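In structure tokens, the structure reads:
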């Protein structure tokens with residue numbers, strides 16, 4: 026029996042990867058993504074069925090908002106039964122935010138949703154775009170011996186590494202290694218061959234379960250980065266503002282913050298009505314508020330540990346939980362549970 030040809034949908038939202046340089050004036054302009062095989066003919070060597078859709082207008086990733094995530098989730102949902110996997114081409118500035126958001130919005134995934142992009146346009150002589158796109162496509166089409174998707178997760182592929190979307194953060198604005206996932210090993214690495222880290226890849230308990238899409242998002246979240254010299258006015262404005270339902274505290278080290286009475290007074294006041302989630306400013310590691318007295322003071326004041334959540338993952342998780350739950354107590358409970366491999 027002839028093996029069925031894998032079918033993939035490429036979704037171009039915008040970003041450097043989809044740009045070409047105008048030879049007359051040197052400006053970057055988006056190319057017609059329906060002609061992707063003309064720009065990356067190497068894709069034609071795969072025995073895949075490749076279709077492409079493009080946002081109109083395309084979006085600079087610094088302009089990405091939750092409505093874009095809802096549109097992406099809607100496209101994946103509508104096309105879910107027609108394709109074996111999805112590759113989303115996206116600007117790098119907010120790619121980790123978008124991948125984190127989609128990981129929570131798409132529940133019960135049995136197919137890959139791979140984000141990728143580039144630091145140089147796909148038509149540039151030294152572009153990283155071709156390699157990123159080609160490998161992302163190959164991974165999105167990969168199946169195991171049972172015919173199931175090899176990586177049924179929302180991921181980011183960049184610079185030869187596949188990482189879980191909600192565990193990834195942008196590392197550099199000018200290196201090909203633009204992203205890193207400091208607290209978990211890559212799910213796959215592309216060298217001469219693609220090596221999959223199968224024990225780290227999340228698999229569904231039921232491969233026949235339907236995709237469930239959660240498009241409701243509550244974005245009333247603030248972020249407070251703790252820093253020396255922070256004032257009561259700044260802390261109070263962010264933590265006690267009437268327009269926020271939750272605040273992410275980016276704290277020092279393993280989850281520490283000032284122990285001054287005024288600071289803890291504001292924390293206790295805010296924790297009475299809001300959700301306060303503690304994540305570390307450090308690139309790697311996580312929050313443990315039981316190690317130091319300053320961390321314990323936050324815990325005792327009602328702050329929830331975010332463990333090793335990235336800021337992007339924490340924001341997406343709050344948006345998702347708050348959008349679907351009106352009870353702050355239930356949101357707080359679920360924040361401590363590992364829902365999509367984010368912790």
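Numbering (this note's numbering), first residue to last: 26 to 368.
Every residue, glycine too, gets a C-beta built ideally from N, C-alpha and C.
Given the structure is predicted, the values throughout are model-derived calculations rather than measurements.
> Going by other Cβ atoms of all chains shown within 10 Å of its Cβ, with 16 needed for buried, is residue 318 buried or exposed?
Replying inline: exposed
> Could you give the distance in angstroms between the alpha-carbon of residue 130 and the alpha-carbon of residue 345?
Replying inline: 7 Å
>> So residue 312 and residue 330 are supposed to be a Cβ contact under 8 Å. How far apart are they, rounded?
In response: 5 Å
> Would DSSP call residue 103 helix, strand or coil?
Replying inline: helix
>> Looking at the secondary structure, which residues open and close the beta strand (DSSP E) in which residue 188 lies?
In response: 186-189
> When the distance is taken between beta carbons, is residue 190 closer than 7 Å to residue 124?
Replying inline: yes
> Based on Cα-Cα distance, which residue from 162, 334, 353, 30 lies nearest to residue 172?
Replying inline: 30
> Going by DSSP, what residues sit across from residue 168 in a beta bridge?
Replying inline: 174
> Between the Cα of residue 153 and the Cα atoms of 117, 132, 276, which residue gives the shortest distance?
Replying inline: 117
> Mind pulling the beta strand (DSSP E) runs of 3 or more residues that sit fully within the stretch 316-342?
Replying inline: none
> Among 353, 105, 244, which has the Cα closest to the Cα of residue 235?
Replying inline: 105
>> Which complete beta strand (DSSP E) runs does the stretch 252-285 hold, if anything under 3 residues is left out?
In response: Listed in chain order, the complete beta strand (DSSP E) runs (minimum 3 residues) inside the stretch 252-285 are 271-276.
> How big is the Cα-Cα spacing for residue 149 and residue 115?
Replying inline: 17 Å
> Any contact of the stretch 292-309 with the stretch 323-339, i.e. 3+ C-beta pairs under 8 Å?
Replying inline: Three or more pairs of CB atoms, one per stretch, sit closer than 8 Å, so the stretch 292-309 contacts the stretch 323-339.
> With a CB to CB cut of under 6 Å and the five nearest residues on each side skipped, what residues in its chain are close to residue 264?
Replying inline: 272, 291, 295
>> Using DSSP's beta-bridge definition, name the partner residues of residue 213.
In response: Residue 213 pairs with 187, 221.
> Do the CB positions of residue 102 and residue 238 come within less than 7 Å of each other?
Replying inline: yes
>> For the alpha helix (DSSP H) containing residue 122, name the first residue and the last one.
In response: 120-130
> What residue range is occupied by the uninterrupted alpha helix (DSSP H) comprising residue 356?
Replying inline: 353-360
> Does the distance from the C-beta atom of residue 222 to that of residue 202 stay below 7 Å?
Replying inline: Their beta carbons are not under 7 Å apart, which means residue 222 does not touch residue 202 by this criterion.
>> Check for me: the beta strand (DSSP E) holding residue 250 runs from which residue to which?
In response: 246-250
>> So for residue 303, helix, strand or coil by DSSP?
In response: strand
>> So, at 6 Å on beta carbons, what are the nonlocal neighbours of residue 219 in its own chain, with the 5 sequence-adjacent residues on each side left out?
In response: Cβ within range, chain order: 213.
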